[in-house]
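According to full-length UniProt numbering, the sequence shown holds residues 1 to 288 in order.
All C-beta atoms in this analysis are idealised placements derived from N, C-alpha and C, irrespective of residue type, glycine included.
Single-structure report; data block below.
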Amino acid sequence: MEAFFDQSVPWYLVDVPPTGPVMQKLLVDYAGIDGANVDEHIANIRDKAWRVAPFPCVGSFLFAELVLSTFPVYPKLVANLKSGAWSRYLEVGCGLGQDIRKLIQDGVPKTSVMGTDLLPGLLKSGQELLQDADALPLGQSLFAADFLDTSNDNVLSKASLDGTVDVIHATMFLHCFDRPTQLLACKRILTLLKTNPGVMIVGKQGGVAKGAGAREHPVKGPMGQVDGVVRTNFLHDVDSFKALWDEVGQVTGTRWDVQVREEEVMDRGYLYFDEEEHRWLSFVITKL
Ligand SMILES: C[S@@+](CC[C@H](N)C(=O)[O-])C[C@H]1O[C@@H](n2cnc3c(N)ncnc32)[C@H](O)[C@@H]1O
């Protein structure tokens, strides 16, 4: 079992990297952490979260970085959620859910933001990181659920979330799965979204450079084989990601505008996505 939590993998950093000013402000002003103790706080949370899930985003402290607020579409999301034009944001595979709290800090009502993840321990680590277990309780704002569970009594349906969401955030999520499972996850995303044009899916994930060859990529490290099953991440390039959404459209009878941008992996993502052709893919997908 200890091998599962092996700290000698490249994506386990011993020291906390410098915290960006926006995350620092979130930890100090939203969570109430003393500015002088931010590094120690992040390190403590990481050590606990690593024992829940030794993921690259935990080991390399990516959970202490904000993604959504760097998107050009972010001000529109905030404005729509603040004005009531949109009533619900859901982050899927949210892990510790740092971007959810940034939305609240930026004025979105906390009743409009929700997150879901397979692992309740990560959701609890997020509550401890941001000190808001009372404001965002499990089972009310944060749901521990298998996103791929489509049984009638799955957690998200029982919480009456189907067909209620205006914008879904999926960062570092779809790439966790092989290609057939990504299609299932996308279809599940659609059942959570409202049906009107304009609903959105936004996010960022690991991929490969255009033309480098989208591929099943073996999951590295101790998570590469779970219960004897070899796991793969399907890494898209821009074109195969659009093709995935074409297929989603065909099988669901819907149409989607898919904007996807590739970017070199210059940040700590390189500790895991370390091949020359690896890229980040950022996307904004809007229902037509
Ligand atoms: C790479 S982490 C990204 C976490 C977060 N989105 C972030 O960017 O910091 C992927 C997350 O997806 C979650 N996940 C994986 N499979 C899942 C499933 N079947 N249902 C729900 N969440 C899942 C993991 O528990 C993990 O927290």
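DSSP beta-bridge partners of Pro218: In the sequence shown, counting from the first residue as 1, residue 218 sits at position 218. In the DSSP output, where bridge partners are listed per residue, Pro218 has Thr232.
Answer yes or no: the CB of Leu119 versus the heavy atoms of ligand 1, is any distance below 6 angstroms? Here residue 119 refers to the residue found at position 119 of the sequence shown. Leu119: yes, Cβ under 6 angstroms from ligand 1.
I want to know whether the segment 58-69 touches the segment 175-183 - three or more CB-CB distances under 8 angstroms. no
Mind pulling the beta strand (DSSP E) runs of 3 or more residues that sit fully within the UniProt domain "Methyltransferase type 12" (90-194)? 113-117, 142-144 and 167-169
Kindly examine ligand 1 and report whether one of its heavy atoms sits closer than 6 angstroms to the Cβ of Leu123. As a working mapping, residue 123 is identified with position 123 in the sequence shown. No, Cβ of Leu123 sits at least 6 angstroms from all heavy atoms of ligand 1.
Whole-angstrom Cβ separation of Ser240 and Glu263, contact assumed at under 8 angstroms? The sequence position of residue 240 within the sequence shown is 240, counting from 1. The sequence position of residue 263 within the sequence shown is 263, counting from 1. The Cβ separation is near 17 angstroms, so there is no contact.
Between the alpha carbons of Pro72 and Val284, how many angstroms are there, rounded? Residue mapping note: residue 72 aligns to position 72 of the sequence shown, counting from 1. Residue mapping note: residue 284 aligns to position 284 of the sequence shown, counting from 1. Their backbone Cα atoms lie some 10 angstroms apart in a straight line.
Am I right that Leu68 and His217 are in contact with their C-beta atoms under 8 angstroms? What's the rounded C-beta distance? If you number the sequence shown from 1, residue 68 lands on position 68. If you number the sequence shown from 1, residue 217 lands on position 217. Contact flag wrong, Cβ pair sits at about 25 angstroms.
Measuring straight from C-alpha to C-alpha, what distance separates Lys124 and Ala64? Mapped onto the sequence shown, residue 124 falls at position 124. Mapped onto the sequence shown, residue 64 falls at position 64. Rounded to whole angstroms, Lys124 to Ala64 spans 15 angstroms at the Cα level.
Does the distance from the CB of Ala144 to the CB of Pro120 come in under 7 angstroms? In the sequence shown, counting from the first residue as 1, residue 144 sits at position 144. In the sequence shown, counting from the first residue as 1, residue 120 sits at position 120. Cβ distance < 7 angstroms, so Ala144 and Pro120 count as in contact.
Please report the straight-line C-alpha distance between Asn37 and Arg51, rounded to a whole angstrom. Taking the sequence shown and counting its residues from 1, one reaches residue 37 at position 37. Taking the sequence shown and counting its residues from 1, one reaches residue 51 at position 51. About 22 angstroms.
Between Gly20 and the rest of its own chain, which residues show a CB-CB distance below 8 angstroms, the 5 nearest in sequence each way excluded? What you label residue 20 is simply residue 20 of the sequence shown in a count that begins at 1. Closer than 8 angstroms at Cβ, skipping near neighbours: Glu65 and Leu66.
Give me the DSSP bridge partner(s) of His41. Here the question's residue 41 lines up with position 41 in the sequence shown. Per DSSP, none; premise fails for His41.
For Val78, which residues of its own chain have a beta-carbon under 8 angstroms away from its beta-carbon, when the five flanking residues on both sides are left out? Working through the sequence shown from its first residue, we reach residue 78 at position 78. The answer, listed in chain order, is Leu103, Asp106, Gly107 and Val108.
Straight-line gap, Ile100 to Gly115 (C-alpha atoms, nearest Å): Here residue 100 corresponds to residue number 100 of the sequence shown, with the count starting at 1. Here residue 115 corresponds to residue number 115 of the sequence shown, with the count starting at 1. Straight-line Cα distance between these residues: approximately 7 angstroms.
For Trp86 and Gly163, the rounded distance between their alpha carbons: The residue given as residue 163 occupies position 163 in the sequence shown. The residue given as residue 86 occupies position 86 in the sequence shown. The alpha-carbon atoms of Gly163 and Trp86 are separated by roughly 13 angstroms.
So what does DSSP say about Thr254, is it helix, strand or coil? Within the sequence shown, the letter at position 254 stands for residue 254. It is coil, neither helix nor strand.
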